[in-house]
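*Asks:* A single structure is presented below for examination.
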Amino acid sequence: MTALALVQAAPALAQAQEQAAPADTEAAPADQIIVTGSRVARDGFQAPTPLVVLTQQDIQNTSPSNNIADFVNQLPQLAGSTRPANSRLNISNGSAGINALNMRNLGESRVLVLVDGRRSVGSTIYGWVDINTIPQALVDRVEVVTGGASSAYGSDAVTGVVNFVLNKRLEGLRITGDIGLTDKGDGFNYSGSVAGGMSFADGRGHAVFNAEIAHQDGIYEVDPNDRPWNHRGYLAFQNPDYVAGNGLPQFITVRRNAGQTNQAPGGFITGSAGNNNALRGLYFGQNGQVIPFNYGSFNSPALNSGSAVTRTVGGDWRLNDSGRRIGLNPKDDRWGAYGRLSYEIADGVEIFAEGSYNKQEVFFNAGPNLGSATLSTIGCTTVPVPTTCNAFALQTLGAARLAGVDSVSITTTAADLPFRGINNKREVQRYVIGAEGEFDAFGKSARWDVYGQYSRSDLREQLRNIMHVARMRDATNAAFAPAGNAGGYATGSIQCLINVDASATNNDPNCVPLNRLGIGVADPAAIDYVLGDPYRKQVMQQYVAGANLSMTPFATWAGDVSVAIGGEYREEKIRGSVPEEFQPLATVDANGRPGFLNQWSVGNYLPFKGSYNVKEAYLETVVPLGFGLEFNGAVRATDYSTSGYVTTWKLGATWAPIEDIRFRVTRSRDIRAPNLNELFQAGTANSDSVRNPQFVQGDPTSGPQFFPYSGLTTGNPDLKPEKADSWNIGAVVTPRFLPGFSASVDYFRIDLEDAIDTLTAQEIVNRCDEGRQEYCAAITEDPSREQPGPPRVPYLLIRSQPFNFVSKLVRGIDFDAAYRLPVGGESSITLRGNATRYIENLSDTGITGVTPVNTVGANGGQFSTPKWIFRGSLNYETPTFSGTVVGRGVSSGKYLANAIECTSNCPTSTSQAPTYDNNHVKGTFYVDLNLTQKVQMKSGSQAELFFNVTNLFDADPLLLPETGLAANSTFSDLLGRQFRVGIRFRTK
């Protein structure tokens, strides 16, 4: 085993955790378990860093699904984790579909995930460890250290450590299987595992194996009948009566039955040049039917204001289908295998080898192929029709409507095109060899271990049905073939303009014209021409070698002094490949600035490679000071090949003046080194839209309300490690007058300096609008994707890279309590509660004029944190039955952290402090039910039948006033009520 600490089972949930361990659990001293948080191995030592231990029994009795990550993420200390439900739009970074933990909402990269106290290779270019790669059937317990631990474990342990401890002494056979689905009849899932272990050679050797499989059906649309919460017209929109300085809020969220008016499944005309936008408001239905949009009673911008209406209340508000054709859950298939062999070659010396292989494939609906186009209609009323007239525009709208019209601008959710798909594939391997043992030193037992480890992730970041920008443009620009055309096309047939115009250099014989005006009008061959499947292959490798020694060299009058020393060498590598057709094109603008030109609407991958190594050594000690006071200190020296030397340390103490209470305090310096992506990223592109800071309703010269853009983020090899100064101060109460009860309260504070971050596209645009030329220099335009308008809608290209420029502060208080009450003979009732009151989560970019905003209390997304996150459970258990009810949720709060709520006398709205008539959104509360019945068999084997209901009362998600998915997918249950039934079988 690694040199993890031996401590008494007395953290906040200690009394509940002292239930009898299953027969297959590795033996430990009577009142001790092996836990994470320190490298010192010592009987009775209680680390000053707060610790939560989740036992196998906890997992089986209260897990909401067959994925252990869903259970761990219910802890209030975990906030903002990336999960399949909220990674739908992680289109270009390869993280869609994974389960990565985030503690304190400081980022997945700042929590260290271990397996049996050792690192594992990441499953994304960010280095995030996917919990799916851990052999779940062998997890004996999960230990969560909620405090900085870099001095013990190295980089990344800024907010804490999550250690998955496997059962390496398993005896007998364990078989588990379950199936589940939602009460809507979708989301079918199943999992199964076989695990076994046996001793041999008179107990000197031991073998353990595990194989598991899991499947989940994808949910690719939000049906209005099954999940009406996403179809209530709850939408934020700009107040048409707002003028800067008139005291009204700029944005409105209180109305219902609101919808987008600038997109339709078959296309929507947002403007027509040459006739004062007379065609604006027409949309295209089945087979190209032309239908006038029925605007509601309230519109933004106001009708006849000169700007295109983007929101309406009433009327045809349901026309836009982007809230229906989106995914809630990916199709997910996982396979895993694990094996371990150990042998005691001499008394107190054991050698071991272990290996694991995991494979995952996910397929996700990332939303419709949203698009826009401007169709030339010059000459559509003349005969013969010139090639300057778009053939589909004339065919659908007719010559009469196009009289005097030079062009028609459309936007569409493209019902004829398949949705954008994410089809990521991952293979993760991990192999460890080593030796460990005990010997007598200075009259006391000493422990040691040495090991070498190799891990590898093979990643295929695969997209499906992605628009090729140039091909979409060429297929959209269709014309009637003129007589005598060079290509020999039939006169009057509809062809791609590039093949029948006067130029012979732009032809593409593969081009098939695409009709985007209507539903059911697109040629399948044209769809195949304009869509493609970009991908990038990446290989990440990790090499680790380490040694640890823990001993008690001497004693003072107050007791034994223990010491742990050790060292580690680690090397991280990445290399990748991208076919040239899927890469962006390098460009140079008129000013000589390098730029890029995206060939695809999303994706546009670039291959990159790089590596770094790190050498570390640490020293830790525990010194009893008497009178119930114990000191724990550690220091670690670290040398990075990329950024040089850094020192981390920890000073901690516990004080137990009486048996009933124990105080604990920790002060630490922790670090996070830049990951491979931040250092060596050659370029990852994303596409979205940014708000136009200069937009004024009713003024077409101010431009559109939003600019579409593509962003390109590159790495920075000059990055330095982040540095965090952390405090943890708390107390644990275990009153003797109330046997079975324990409680703890812990205050935490993390000050992070030189944090690595990248400015968002919106921040870059806002700073440019303020006249900051260094930010304007990061913005160029792509003329091939510009919409001439009116108004003209340029397509922006925005470049960024990470820097050490942000300071972050996170503060809060953790509350934990448990009470176990014996009932009758061997039965018991256990009540548990966990809650975290988040106080501050501030991020200061240091940019002049930008005020840091506390995101605590904002429920608007993944990167803000509710004030309260809580979980409670009530368990009744007998020798043959267990029933558990779980209540969990988050408090209500703001929609946006920086918004000002007002209805009158409002200050002037700004990008940093926008004004809303209602900035409040609700919280959530979910109830889960878990029932288990044990069946003892004559052979001594045991079976358990279990039945789980998640979200028992089918409570809605946390709703947000947004288009598309109008819910907070991080802190919500999106699927509704779910059922799961299964069986566990084990032999002696």
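Going by the working numbering, the first residue of the sequence shown is number 1457, and it counts up by one from there.
For each residue, glycine too, the CB sits at the ideal point set by N, CA and C.
#1: Output the boundary residues of the beta strand (DSSP E) element that contains Asp-1514.
#2: Residue range of the beta strand (DSSP E) that Ala-2001 falls in?
#3: Based on Cα-Cα distance, which residue from Arg-1574, Val-1598, Asp-2373 and Leu-1545 lies nearest to Asn-1529?
#4: At the level of alpha carbons, what is the spacing between Thr-2448 and Leu-1568?
#5: In terms of alpha-carbon separation, which member of Tyr-2231, Asp-1572 and Leu-1826 lies closest to Thr-1868?
#6: In the DSSP assignment, what residue or residues form a beta bridge with Asn-1962?
#7: Output yes or no for whether 8 Å exceeds the beta carbon distance between Asn-1619 and Thr-2426.
#8: Can you grab the Cα-Cα spacing for the pair Lys-2456 / Gln-1592, in whole Å?
#9: Kindly indicate the opening and closing residues of the beta strand (DSSP E) around Asp-2095.
#10: For the beta strand (DSSP E) holding Tyr-2275, just list the boundary residues, first then last.
#11: Nearest to Val-1765 by alpha carbon, out of Thr-1717, Ala-1503, Gly-2328 and Asp-2412?
#12: Please work out which residues of its chain come closer than 8 Å, Cβ to Cβ, to Ser-1444, disregarding the five sequence neighbours upstream and downstream, and give them in chain order.
#13: From the DSSP output, which residues share a beta bridge with Arg-2118?
#14: Assuming Trp-1773 and Ala-1714 are in contact, meaning their beta carbons sit under 8 Å apart, how far apart are those beta carbons, in whole angstroms?
#15: Enumerate, from N- to C-terminal direction, the unbroken alpha helix (DSSP H) stretches of 4 or more residues contained entirely within the segment 1671-1735.
#16: Let me know if Gly-2281 comes out buried or exposed under the rule of 16 or more other beta-carbons within 10 Å of its beta-carbon.
#17: Expressed to the nearest angstrom, what Euclidean distance is found between the alpha-carbon atoms of Tyr-1739 and Gly-2328?
#18: Is it buried or exposed for Leu-2135, if we count other Cβ within 10 angstroms and need 16 for buried?
#19: With DSSP as the reference, label Tyr-2372 as helix, strand or coil.
#20: Are the CB atoms of Ile-1581 and Gln-1994 nearer to each other than 8 Å?
#21: Could you have a look at Leu-1460 and say whether DSSP puts it in helix, strand or coil?
#22: Judging by CA-CA distance, which residue of Arg-1790, Ser-1812, Val-1664 and Ala-1859 is the nearest neighbour of Ile-1834?
#23: What does the Cβ neighbour count give for Phe-1819, buried or exposed, with the cut at 16 atoms within 10 Å?
#24: Between the C-alpha atoms of Leu-1775 and Gly-2345, what's the straight-line distance to the nearest angstrom?
#25: Could you check how far apart the C-beta atoms of Gly-1653 and His-1662 are, in whole angstroms? I think they sit under 8 Å.
#26: Would you mind giving the Cβ-Cβ distance between Ser-2182 and Asp-2126, rounded to the nearest angstrom? I have them listed as a contact below 8 Å.
#27: Under a three-way DSSP split, which group does Arg-1929 fall into?
#28: By Cβ distance, which residues of its chain are closer than 6 Å to Thr-1830, with the 5 residues on each side in sequence left out?
#29: When the Cα atoms are used, what is the spatial distance from Leu-1919 to Arg-1972?
#30: What would DSSP say about Ala-1981, mapped onto helix, strand or coil?
#31: Going by C-alpha to C-alpha distance, which of Gln-1909, Asn-1955 and Ala-1902 sits closest to Pro-1965?
#32: For the segment 2374-2403, list the beta strand (DSSP E) runs that are entirely contained and at least 3 residues long, ordered along the chain.
#33: Please classify Pro-1485: is it buried, with 16 or more other beta-carbons within 10 angstroms of its beta-carbon, or exposed?
#34: Rounded to whole angstroms, what's the CA-CA distance from Val-1509 to Glu-2230? Just pull it up for me.
#35: Under a three-way DSSP split, which group does Gly-1854 fall into?
#36: Can you list, in chain order, the residues of its chain whose CB lies under 6 Å from that of Ala-1720, leaving out five sequence neighbours each side?
*Replies:* Taking the structure as given:
#1: Per DSSP, Asp-1514 belongs to no beta strand (DSSP E); it is in the alpha helix (DSSP H), 1512-1518.
#2: Taken as a continuous stretch (DSSP letters only), the beta strand (DSSP E) holding Ala-2001 covers 1991-2012.
#3: Val-1598
#4: Only positions 1457 to 2444 of the chain appear in the structure, and residue 2448 is not among them; the question remains open.
#5: Leu-1826
#6: In the DSSP assignment, no residue is bridged to Asn-1962.
#7: no
#8: The structure shown does not extend to residue 2456, since the chain is modelled only from 1457 to 2444, so the question has no answer here.
#9: Boundaries of the beta strand (DSSP E) harbouring Asp-2095: 2085-2096, taken from the DSSP string.
#10: Going by DSSP, Tyr-2275 is part of the beta strand (DSSP E) stretching over 2259-2279.
#11: Thr-1717 is the residue among Thr-1717, Ala-1503, Gly-2328 and Asp-2412 whose C-alpha sits nearest the C-alpha of Val-1765.
#12: The requested residue 1444 is not part of the displayed model; the chain covers only 1457 to 2444.
#13: DSSP lists Val-2188 as the bridge partner or partners of Arg-2118.
#14: 6 Å
#15: none
#16: exposed
#17: 51 Å
#18: buried
#19: In this structure, Tyr-2372 counts as strand in the three-state DSSP scheme.
#20: Result yes, Cβ atoms of Ile-1581 and Gln-1994 sit closer than 8 Å.
#21: Residue placement at Leu-1460 is flagged as unreliable, the pLDDT there being 30, under the threshold of 50; the coordinate-derived value follows with that caveat. In this structure, Leu-1460 counts as coil in the three-state DSSP scheme.
#22: Ala-1859
#23: buried
#24: 33 Å
#25: 7 Å
#26: 6 Å
#27: helix
#28: Ser-1863, Ser-1865, Gln-2243 and Pro-2244
#29: 22 Å
#30: Ala-1981 falls in the helix class under three-state DSSP.
#31: Asn-1955
#32: 2380-2392
#33: With a pLDDT of only 33 at Pro-1485, under 50, the local geometry of the prediction cannot be trusted, and the value read off the model is given with reservation. Classification for Pro-1485: exposed.
#34: So the two alpha carbons sit approximately 49 Å from each other.
#35: helix
#36: Cβ neighbours of Ala-1720 beyond the five flanking positions: Tyr-1739 and Leu-1775.
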